[in-house]
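J.: Numbering (the numbering used here), first residue to last: 23 to 407.
Yeah, the Cβ is synthetic: ideal placement off N, Cα and C, and Gly gets one too.
#1: Could you give the DSSP three-state label for residue 244: helix, strand or coil?
#2: Enumerate, from N- to C-terminal direction, the unbroken beta strand (DSSP E) stretches of 3 or more residues contained entirely within the region 302–373.
#3: What three-state label does DSSP hand residue 54 in the structure shown?
#4: Helix, strand or coil for residue 272? Go by DSSP, reduced to three states.
#5: Whole angstroms is fine: what's the gap from residue 156's alpha carbon to residue 164's?
#6: Hey, would you say residue 244 sits closer than 8 Å to residue 229, going by beta carbons?
#7: Measure the C-alpha to C-alpha separation of residue 31 and residue 24 and round it to an integer number of angstroms.
#8: Buried or exposed: which applies to residue 355, given that a residue is buried once 16 or more other Cβ atoms fall within 10 Å of its Cβ?
#9: Can you tell me which of the three DSSP states residue 140 falls into?
#10: Look at the alpha carbon of residue 94 and the alpha carbon of residue 114, and state the distance between them as a whole number of angstroms.
#11: Between the alpha carbons of residue 50 and residue 185, how many angstroms are there, rounded?
#12: Which residue wins for smallest C-alpha separation from residue 327, given the options 302, 375, 383, 92?
#13: Tell me where the beta strand (DSSP E) around residue 110 begins and ends.
#14: Please classify residue 14: does DSSP put it in a helix, a strand, or coil?
#15: Just the C-alpha distance for residue 277 and residue 255, rounded to the nearest angstrom, thanks.
#16: Would you decide whether residue 283 is buried or exposed? Buried here means 16 or more other CB atoms lie within 10 Å of its CB.
#17: Extract the residue ranges of the alpha helix (DSSP H) inside the region 141–168, only unbroken runs of 4 or more that lie entirely within it.
#18: From residue 263 to residue 320, what distance separates their C-alpha atoms?
#19: In the DSSP assignment, find the unbroken beta strand (DSSP E) run with residue 191 in it and report its ends.
#20: Taking the continuous alpha helix (DSSP H) assigned at residue 388, which residues delimit it?
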């Protein structure tokens, strides 16, 4: 806005400092499809949960029955003349189910951004299960009053894990965890105990009480902001890529898998692709990546007789197992007369190319398709052109 005097007569709305309650009336403001003027839709808060967001993170999420449509996202939701959150999503298959990010989450984000960059929330990545089953409780010799969550797969590598398989997490801070993993918050809500991590962590550590082999132990456990996933999220960054001949190589990301999901899932399952079998793996080796052919082959005479390997994972090149995208570039550049490319999974081909043909094809394809760079900026230091 060019005329800042507008704000002298239009003070900003106040942000609510309270988590709202179920049943509370709300109004959502925005510019959704269907018109050009501002839209106001009313409803009530249906439920409040601690749930997964996008990008492998979790947070407090409020469900409302106000009509929310494309164009509402980012708009304020107001109750009692205060902003209680902002619109961020809905469910297309349902009527009047929309979600807002509460002010509490907005404030956590703004605090994180005070140094100019967003680092993310501290989280636990250990896999847990409930303690509701009678036979399970009997096996663990738990009395009726004992509650908590059982560790099934600790995050990390064996002895380096703070938690162990069969540990039972009974408290976070001084809050008792029930058999469904819930705690009663200071707002009187029953939420997953992960909600308290963002409020109770100190310097990236969380105080947990656990049962291990029948003995109570108090741990000051370190947390992580990000899981070292073999298949990561781009989080707004540009993807890495390397074009060589008619092939485009890239590290697989969750963003790419979401693109594939609708049309390629059947093929991936049938081929026992690592994009399925290793989807939730941790990168166990330094800088480990799954490298795929990320787009359809460019049309060129040297591809004659080969099927299109799009979405297939590289196993090895000239017998050398590929570790990551930089290693792939290195192996290709160090190769001599031929390139032998093998893929992971079932029903795959072996592709053989003359290196001289691939070099010439690279020049042709970049020129004919108006592609300025053979590789992404993070790989340009390795490109020999």
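T.: So, from the data block:
#1: strand
#2: 313–315, 336–339, 360–365
#3: coil
#4: strand
#5: 10 Å
#6: no
#7: 15 Å
#8: exposed
#9: coil
#10: 14 Å
#11: 43 Å
#12: 375
#13: 104–112
#14: Past the boundaries of the shown model lies residue 14; the chain is included only from 23 to 407, so the question cannot be answered.
#15: 6 Å
#16: exposed
#17: If only uninterrupted alpha helix (DSSP H) runs of at least 4 residues are considered, those enclosed by the region 141–168 are 156–161.
#18: 15 Å
#19: 190–194
#20: 377–390
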